[in-house]
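Asker: Residue numbers (my numbering): 995 to 1264. Below are the structure tokens for one structure; questions will follow.
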Ligand SMILES: Cc1cc2nc3c(=O)[nH]c(=O)nc-3n(C[C@H](O)[C@H](O)[C@H](O)COP(=O)(O)OP(=O)(O)OC[C@H]3O[C@@H](n4cnc5c(N)ncnc54)[C@H](O)[C@@H]3O)c2cc1C
């Protein structure tokens, strides 16, 4: 949906390829290496996610650490004509229960997935990775039980085990606190990842994108002062286990240095 919306914007041309590196001339971004060629650009947005090493050379390492939860999930399909299970949120079911979190995420074409998120340190949950145990446990959790009932749905695959979740923040600046390549901006998970059970990731990424659009149009004459980015606050809350939603994120600097601003709701303008 986002891709379609972007493609419908006037002046947008979508191209796909592997971004191999940033081109810099006279201390400023001039383009991008893509597959075997290059693309000229005066602004590059790095939205390459949590694992990519793209543009690593232009900023300091991430701070933070592992998130103390893991999860198991399974994908299902409703039988033709079967009624969906109970729902109390747009995504369907998210419940924090004693020592674990249970969720149902409804998808398209009658498919959905159920998720049990548990503390990694709690060994009682390790056998959930086995389909039989997962199904037995799911049948015991109100909300999940109705969705996964074999009368109404069937599994589409094995139980999936998820881990490697981090609470990390990686800002725009290099080890010396400078913008290493003006014109290069990092967004989304490339900046911050938080405990996914709070569902912050997409909101953070969208808010950053919105602020980048606002600021790119309004800060060309601003002399940016670097501050701590408020996304970092979301990380702190996530690391503390809080479910508080993140505050607004400000990103400035399409024409000047790519700098993040801290004040929620206040992006310096001139
Ligand atoms: C288990 C789990 C559950 C989650 N649940 C939620 C939730 O309920 N709600 C929520 O809001 N968020 C959730 N999140 C977080 C959410 O998925 C992320 O915050 C969001 O996807 C970040 O978007 P992004 O565009 O920054 O990165 P991504 O979605 O990771 O997209 C990055 C893209 O860049 C591509 N890429 C990488 N390197 C290159 C390269 N060199 N060249 C070209 N392309 C490249 C990748 O292939 C990928 O397609 C969850 C995350 C996890 C792990």
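C-beta atoms are modelled at their ideal positions from N, C-alpha and C, and glycine is treated no differently.
1. Nearest to residue 1099 by alpha carbon, out of 1121, 1091 and 1079?
2. With which residues is residue 1089 paired in a DSSP beta bridge?
3. Take residue 1109 as the anchor and find which of 1044, 1090 and 1117 has the nearest alpha-carbon.
4. How long is the line joining the alpha carbons of residue 1067 and residue 1101, rounded to whole angstroms?
5. Using a Cβ-Cβ cutoff of less than 7 angstroms, which residues in the same chain neighbour residue 1063 once the five nearest sequence positions on both sides are dropped?
6. What residues sit near ligand 1, counting only those whose C-beta is closer than 7 angstroms to one of its heavy atoms, in chain order?
7. Should residue 1046 go down as buried or exposed, given a rule of 16 or more other Cβ atoms within 10 Å for buried?
8. Would you say residue 1008 lies against chain B (beta-carbon separation less than 9 angstroms)?
9. What does residue 1160 pair with, by DSSP beta-bridge criteria?
10. Tell me where the beta strand (DSSP E) around residue 1022 begins and ends.
11. Given a cut-off of 9 angstroms on the beta-carbon distance, is the pair residue 1071 and residue 1150 in contact?
12. Can you tell me where the alpha helix (DSSP H) with residue 1147 in it begins and where it stops?
13. Apart from the five residues on each side of it in sequence, which residues of its chain come closer than 8 angstroms, Cβ to Cβ, to residue 1121?
14. With 16 as the cutoff for other CB atoms within 10 Å, does residue 1201 come out buried or exposed?
15. Using 8 angstroms for Cβ pairs, my map puts residue 1073 next to residue 1148. What's the rounded Cβ distance?
16. What would DSSP say about residue 1191, mapped onto helix, strand or coil?
17. I'd like to know whether the C-beta atoms of residue 1173 and residue 1166 end up nearer to each other than 9 angstroms.
18. Which one of 1040, 999 and 1087 has the shortest CA to CA distance from residue 1141?
19. Please identify the residue among 1175, 1187, 1199 and 1030 whose C-alpha is closest to the C-alpha of residue 1163.
20. Since I believe residue 1184 is in contact with residue 1054 (beta carbons under 8 angstroms), could you give me their beta-carbon distance rounded to a whole number of angstroms?
21. If I follow the unbroken alpha helix (DSSP H) through residue 1132, where does it start and stop?
22. Helix, strand or coil for residue 1269 per DSSP?
23. Within 10 Å of its beta-carbon, does residue 1176 have 16 or more other beta-carbons around it, so buried, or fewer, so exposed?
24. Going by CA-CA distance only, name the one from 1105, 1061 and 1119 that's closest to residue 1092.
25. Flag this pair as yes or no: are the beta carbons of residue 1039 and residue 1198 separated by less than 9 angstroms?
26. Between residue 1013 and residue 1028, is the Cβ-Cβ spacing less than 9 angstroms?
27. Can the beta-carbon of residue 1152 be found less than 9 angstroms from the beta-carbon of residue 1125?
28. Apply the 10 Å Cβ neighbour rule to residue 1137 and answer buried if 16 or more other Cβ atoms are within range, or exposed otherwise.
29. CB-CB under 8 angstroms to residue 1043, same chain, minus the five flanking residues each way: which ones, in chain order?
Answerer: Answer, in terms of the structure:
1. 1079
2. 1096
3. 1090
4. 14 angstroms
5. 1111, 1112, 1113, 1114, 1159, 1189 and 1191
6. 1011, 1012, 1013, 1014, 1041, 1042, 1043, 1044, 1046, 1048, 1065, 1085, 1156, 1159, 1181, 1182, 1183, 1184, 1187, 1190, 1193, 1194, 1195, 1196, 1197, 1198 and 1199
7. exposed
8. Among the chains in the structure shown there is no chain B, since it carries only a single protein chain.
9. 1060
10. 1022-1028
11. yes
12. Unbroken run through residue 1147 is the beta strand (DSSP E), 1147-1149; no alpha helix (DSSP H).
13. 1127
14. buried
15. 7 angstroms
16. helix
17. yes
18. 1087
19. 1187
20. With a Cβ gap of about 13 angstroms, residue 1054 and residue 1184 do not count as contacting.
21. 1125-1133
22. Residue 1269 lies beyond the stretch modelled for the chain, which goes from 995 to 1264, so this question has no answer here.
23. buried
24. 1119
25. no
26. yes
27. yes
28. buried
29. 1182, 1183 and 1184
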